[in-house]
Structures are given as C-alpha cells and as structure tokens.
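Participant: Let me give you the structure first, and then I'll get to my questions.
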Amino acid sequence: MAPRFQRMAQATAKAIAELAPSPWTVVLALVILAIYSASIGACGPWDPWETHYGEVARNILEREDPMDLWWRPGYGPNGKREGIFASKHALPFWCMALSFKLFGVGLGNPDEMVRGPLPEIALRLPSMLAGLGSVALLGWCVSRLVHRRAGMLCAIVVATMPQFAIITRQAVTDMFFVAPVCLAMVAWAMAWLEPERELRTKGQGWREIPWDRAWTAFFVLFVLSAVVPLAVMHLHVIDPDTHDRVARWNRQSDGTVDELITIARHFTIYWVLIAVALLRTLRWRRRSQAWMGVVYLAGGLSLMGKGMIGPGIIGLLILAHMVISGRLHLLWQRRCELAVGTILFVVSCFPWHHAMAIFRGESWVNELIVINNLARFASGEQDQAVGGFAFYLRTLGLAALPWSAVVPPALWAAVVAYRRRKPMPSAAVPAGDKAEGDTDQPALPSLPNAGRGTT
Numbered sequence: 004m005a006p007r008f009q010r011m012a013q014a015t016a017k018a019i020a021e022l023a024p025s026p027w028t029v030v031l032a033l034v035i036l037a038i039y040s041a042s043i044g045a046c047g048p049w050d051p052w053e054t055h056y057g058e059v060a061r062n063i064l065e066r067e068d069p070m071d072l073w074w075r076p077g078y079g080p081n082g083k084r085e086g087i088f089a090s091k092h093a094l095p096f097w098c099m100a101l102s103f104k105l106f107g108v109g110l111g112n113p114d115e116m117v118r119g120p121l122p123e124i125a126l127r128l129p130s131m132l133a134g135l136g137s138v139a140l141l142g143w144c145v146s147r148l149v150h151r152r153a154g155m156l157c158a159i160v161v162a163t164m165p166q167f168a169i170i171t172r173q174a175v176t177d178m179f180f181v182a183p184v185c186l187a188m189v190a191w192a193m194a195w196l197e198p199e200r201e202l203r204t205k206g207q208g209w210r211e212i213p214w215d216r217a218w219t220a221f222f223v224l225f226v227l228s229a230v231v232p233l234a235v236m237h238l239h240v241i242d243p244d245t246h247d248r249v250a251r252w253n254r255q256s257d258g259t260v261d262e263l264i265t266i267a268r269h270f271t272i273y274w275v276l277i278a279v280a281l282l283r284t285l286r287w288r289r290r291s292q293a294w295m296g297v298v299y300l301a302g303g304l305s306l307m308g309k310g311m312i313g314p315g316i317i318g319l320l321i322l323a324h325m326v327i328s329g330r331l332h333l334l335w336q337r338r339c340e341l342a343v344g345t346i347l348f349v350v351s352c353f354p355w356h357h358a359m360a361i362f363r364g365e366s367w368v369n370e371l372i373v374i375n376n377l378a379r380f381a382s383g384e385q386d387q388a389v390g391g392f393a394f395y396l397r398t399l400g401l402a403a404l405p406w407s408a409v410v411p412p413a414l415w416a417a418v419v420a421y422r423r424r425k426p427m428p429s430a431a432v433p434a435g436d437k438a439e440g441d442t443d444q445p446a447l448p449s450l451p452n453a454g455r456g457t458t
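For the sequence shown, position 101 (counting from the first letter as 1) is numbered 104 according to the numbering used here, and the numbering increases by one without interruption.
Encoded structure:
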C-alpha cells in the first residue's frame with residue numbers, strides 16, 4: 004500500500020505545482036481586481052440601460068419568478084396592468100437577481116436603491132466577474148500555449164482597454180455573451196492546440212468513469228449551465244404559489260395555469276436529454292472530448308447572454324480555424340462530438356425559450372427572436388442612433404487605446420515570423436462584431452482578440 008500512496012502523493016504534488024500561479028501572476032491579479040473593485044461603485048448607474056435591466060432583475064426577486072421577465076415603470080406587478088420584458092435573454096438578469104439576493108438588496112424600501120453604493124455594486128458585480136473571468140481565461144490560455152509572460156501581457160492588455168474596462172463595470176448585457184464566447188474559444192484552443200492525452204479514470208469495466216481535471220471542469224459547467232436553471236424553472240412552474248398568482252390574472256389566451264402545466268410536461272424532455280448527455284460524457288476517454296463539451300455549453304450560454312450573435316461568432320471562428328489549419332477532418336472523423344454537443348447546446352439554452360414561447364405565445368417569440376435577434380443582423384439599434392457598421396471601424400481604435408497602436412507592428416512581426424517559418428502562437432480567441440445590442444459601443448469580442456495579438 005505504501006508505494007500506492009506514494010504515487011498518489013507525487014501525482015497530487017505535481018497537479019498542485021501545475022496549477023499554482025507564479026507570484027507575479029498573483030500580484031497582477033490582485034492589482035487588476037483592486038482597481039476594478041475600487042471603481043465599480045464610484046458613480047451611479049449612468050448608462051440608461053443599467054437602471055432598466057436592474058429593475059428587471061429586481062422584479063425576479065419581487066415576483067419570485069425566474070422565468071417570466073417583467074418591467075414597466077410606474078405600475079405594480081399585478082393583474083392586467085402587468086407588462087412583460089421580452090427584448091433580452093434571461094442570463095444577465097438571473098445573474099443580477101442572484102447578486103441582489105446575496106447582497107440583500109432589492110426587496111426593501113424603494114429608496115434603498117439610491118441611498119448608497121451597495122445596490123450599484125450588486126447590480127454591476129456579475130458583469131465585472133464575467134469580464135475579469137474573460138481576462139483570466141485568455142491570459143491562462145496564452146500562458147499555456149505560448150509562455151507565462153505572454154499570458155500576463157495578454158491579461159494586462161485586455162484589462163486596460165478603455166472600452167472593455169468601462170463595459171465590464173456596467174450592468175449591461177454585453178459581458179454576458181463576451182465571456183461565454185471567450186470560454187468557448189479557449190476551450191477549442193485547449194482541445195486542439197495542445198497535445199492530446201487520455202483522461203484519467205476511476206473504476207473498471209462498465210463502472211469506469213472519468214476522474215480528471217478537464218472532465219471535472221466540464222461537469223461543473225454542465226451542472227451550472229443546464230441542470231440548475233432547468234431545476235429552478237421546473238420547481239417554479241409546479242409551485243402552487245405560482246399557480247395561484249397566475250390564476251388571479253384570469254387570462255384566456257396566454258399566461259394561464261394550463262400553460263404552466265404544459266411547460267412542466269415539456270421540461271421532462273430536457274431532463275431525458277440531460278441524462279442521455281451525462282451517460283455519454285461518462286464514456287469520454289480523451290481530453291479533447293471534455294474541452295469540446297465546454298465549447299458547446301459555452302455556445303448555449305452565449306445565446307442565453309445576448310442572443311444568436313454569440314453562437315454565430317463561435318461557429319464562424321471555429322469553422323475558419325478548421326479550414327485554415329486543415330482540421331476539417333475532425334468533423335467526418337467524429338472527433339468534435341457533434342451529436343452529444345448538440346444535446347449539450349440544447350439543454351443549456353432551449354428550456355427557457357421553450358417555456359416562454361408556450362407561456363407568452365407568438366407575441367413574445369416575435370419580439371425576442373424576430374425583432375431583437377434576427378432583425379438586428381440587418382438593422383441594429385445603432386443604425387438609427389449613430390450610424391451603421393462603419394461606426395465600429397471608426398471607434399475600435401479608440402476603444403483599444405493605447406494598445407491599438409501596437410497592432411500594426413505586431414501584425415508585421417507575425418508576417419515576418421511566418422516567412423521565416425518560426426512557430427507562432429495560434430490560440431483561437433474571440434474576434435467578431437456585434438450585430439445586435441443596446442449600447443452605442445464598439446464590438447467587444449474584437450477587443451480580447453486585439454489583446455492577444457499584441458502579445
């Protein structure tokens with residue numbers, strides 16, 4: 004038994020050594036965290052959408068309803084005066100509502116929301132965590148694929164871009180799709196730009212299951228992005244208190260108790276899909292499979308964060324990388340886990356949309372899916388406010404100052420290195436454009452890419 008315990012101790016020590024950050028990495032993280040934390044509540048919600056979204060999140064707690072988003076100024080949440088909020092997807096408001104709950108704000112006297120900085124901090128904290136998480140992910144990925152110093156520089160560049168720093172400390176929806184897009188592309192890079200290896204397992208025969216950091220990371224994300232939201236919504240639609248409240252509306256066409264019962268039955272489909280996906284993932288034996296699972300879940304989260312633009316950016320970037328790097332064979336060799344990946348994507352983003360389509364009907368589908376998603380690709384809100392696509396080209400350089408000045412020489416250095424056939428870092432990180440949105444902001448996903456390029 005002694006040699007066995009010795010091997011286990013050595014393996015544990017090695018794993019801890021691999022995960023332990025360098026002292027300079029810790030210092031950098033603390034400095035960035037201190038700067039962001041000190042300024043998150045320095046001013047009130049000055050973006051007009053912050054108070055709007057904050058009230059939607061507060062009403063999740065006030066009405067005890069995580070499914071049916073609601074907001075209307077000057078009215079109470081009762082009877083036919085009630086109005087729905089259907090211009091955005093649910094993930095940002097779930098995160099803001101959870102933050103309100105943890106900070107203990109949002110359910111007291113109305114003036115508590117303007118008396119001190121605590122409500123503002125609670126409102127903005129989820130966005131800041133999403134932004135700093137993106138910075139950490141990109142820095143970690145570049146440090147794994149290139150060098151630790153390059154990863155630290157990448158984190159510094161992204162965290163200090165003016166546009167990224169501002170939006171990260173605002174209660175708007177942008178960071179809730181930027182972060183999943185970053186996660187998806189980091190997962191893709193880790194799946195195919197690092198050497199493949201077998202997953203560590205535990206047990207034998209049919210009882211053998213993955214027992215590996217990569218699979219554990221996937222499983223935690225699977226539970227948080229698919230299992231927990233579905234469980235919360237399912238408990239909500241079968242709750243007698245929910246039935247009593249909806250019955251008082253006395254509606255005939257939509258928002259009825261019968262529709263809540265229908266939603267509960269339909270949720271059974273997603274529980275079956277979750278079970279199927281989990282059983283399949285327990286058979287995974289390669290590290291790339293676990294990371295591909297993260298890609299699909301992150302795609303679903305990006306849709307829940309801001310809409311179809313998230314999965315669209317992820318899909319286009321992955322397809323472009325497969326074509327350029329000659330990895331299209333991964334598709335017909337079935338190494339991308341497309342079948343189970345589709346299930347993972349579905350269970351992470353379909354249940355809420357499915358439930359709301361049943362509960363609110365065609366008008367809700369038209370407002371969210373058609374007007375605020377599909378139509379935005381042709382004519383976004385910025386088209387009326389500040390101009391078309393050229394607006395982003397004019398402002399992207401300012402958004403990334405001073406680092407945008409480094410992009411031309413960095414690109415030239417990349418060309419020179421390629422001609423000399425020097426190995427170049429090829430971490431696939433988000434680049435793209437925002438085809439939809441509410442703020443007059445440049446396309447945020449391109450900023451992390453610019454940050455990686457300067458390293």
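Think of the CB as a built atom: it goes at the ideal place given N, C-alpha and C, for glycine as much as any other residue. Values in this document were obtained by computation on a predicted structure and should not be read as measured data.
(1) Which ranges would you report for the alpha helix (DSSP H) in the region 90-120 if only whole runs of at least 4 residues count?
(2) Just how far apart, CA to CA, sit W287 and I277?
(3) With burial defined as no fewer than 16 other Cβ atoms inside 10 Å of the residue's Cβ, what is the status of R268: buried or exposed?
(4) Since A293 and L202 should fall inside the 8 angstroms C-beta cutoff, what is the C-beta to C-beta distance between them, to a whole number of angstroms?
(5) Tell me the DSSP secondary structure of R147 in three-state form.
(6) Hey, I346 and V279 are a contact pair by Cβ (cut 8 angstroms); roughly how many whole angstroms apart?
(7) Sorted by chain position, which residues of the same chain lie with C-beta nearer than 8 angstroms to L404's C-beta, five sequence neighbours on each side aside?
(8) The alpha helix (DSSP H) with G308 in it runs from where to where?
(9) So, for P314: in the same chain, excluding its five sequence neighbours on each side, which residues have a beta-carbon less than 7 angstroms away from its beta-carbon?
(10) Can you tell me where the alpha helix (DSSP H) with I277 in it begins and where it stops?
(11) Can you tell me where the alpha helix (DSSP H) with D247 in it begins and where it stops?
(12) Taking I159 as the reference, which of G134, V418 and P183 has the closest Cα?
(13) P122 to K91, Cα distance in whole Å?
(14) Between H356 and M131, what straight-line distance do the alpha-carbon atoms span, to the nearest angstrom?
(15) Just to confirm, does W73 get its C-beta within under 7 angstroms of one of the non-hydrogen atoms of the ligand MN?
(16) I need the boundaries of the alpha helix (DSSP H) containing M325, first residue and last residue.
(17) Count the C-beta pairs between the region 43-55 and the region 168-182 that are closer than 8 angstroms, then say yes if the count reaches three, no if not.
(18) May I have the straight-line CA-CA distance separating V350 from W415, to the nearest angstrom?
(19) To the nearest angstrom, how far is the alpha carbon of L396 from that of G136?
(20) Skipping 5 residues on each side, what residues in its chain have a beta carbon closer than 7 angstroms to that of G206?
Facilitator: To lay it out plainly:
(1) 94-106 and 115-118
(2) The count along the sequence shown starts at 1 and reaches residue 287 at position 284. The count along the sequence shown starts at 1 and reaches residue 277 at position 274. Taking the straight line from one Cα to the other gives about 16 angstroms.
(3) As a first step, residue 268 is located in the sequence shown; it is residue number 265 there, counting from the start. Exposed.
(4) One-based indexing of the sequence shown puts residue 293 at position 290. One-based indexing of the sequence shown puts residue 202 at position 199. About 7 angstroms separates the two Cβ atoms, so the contact holds.
(5) Here residue 147 refers to the residue found at position 144 of the sequence shown. In this structure, R147 counts as helix in the three-state DSSP scheme.
(6) The sequence position of residue 346 within the sequence shown is 343, counting from 1. The sequence position of residue 279 within the sequence shown is 276, counting from 1. At roughly 6 angstroms, the Cβ-Cβ gap stays under 8 angstroms, so I346 and V279 are in contact.
(7) Within the sequence shown, the letter at position 401 stands for residue 404. Contacts found: M164 and P165.
(8) Within the sequence shown, residue 308 is the residue found at index 305, counting from 1. It spans R290 to K309 - the alpha helix (DSSP H) in which G308 sits, taken as one unbroken run.
(9) By 1-based counting over the sequence shown, the position of residue 314 is 311. Closer than 7 angstroms at Cβ, skipping near neighbours: G302, S305 and L306.
(10) The residue given as residue 277 occupies position 274 in the sequence shown. Residues V260 to T284.
(11) The residue you call residue 247 lines up with position 244 of the sequence shown. Unbroken alpha helix (DSSP H) run through D247: P243 to W252.
(12) As a position in the sequence shown, residue 159 is number 156, starting the count at 1. When only C-alpha atoms are compared, the closest one is G134.
(13) Indexing the sequence shown from 1 puts residue 122 at position 119. Indexing the sequence shown from 1 puts residue 91 at position 88. Using only the alpha carbons, I get a separation of about 22 angstroms.
(14) Mapped onto the sequence shown, residue 356 falls at position 353. Mapped onto the sequence shown, residue 131 falls at position 128. Taking the straight line joining both Cα atoms gives about 26 angstroms.
(15) Although the ligand MN was asked about, the structure shown includes no ligands whatsoever.
(16) Residue 325 sits at position 322 when you count from the first residue of the sequence shown. Start and end: I312 to S328.
(17) yes
(18) Counted from its first residue, the sequence shown places residue 350 at position 347. Counted from its first residue, the sequence shown places residue 415 at position 412. So the alpha carbons of these two residues sit roughly 44 angstroms apart.
(19) Walking along the sequence shown from the start, residue 396 turns up at place 393. Walking along the sequence shown from the start, residue 136 turns up at place 133. When rounded, the distance between both Cα atoms is 26 angstroms.
(20) Translated into positions along the sequence shown, residue 206 becomes position 203. Same-chain partners within the cutoff: I212.
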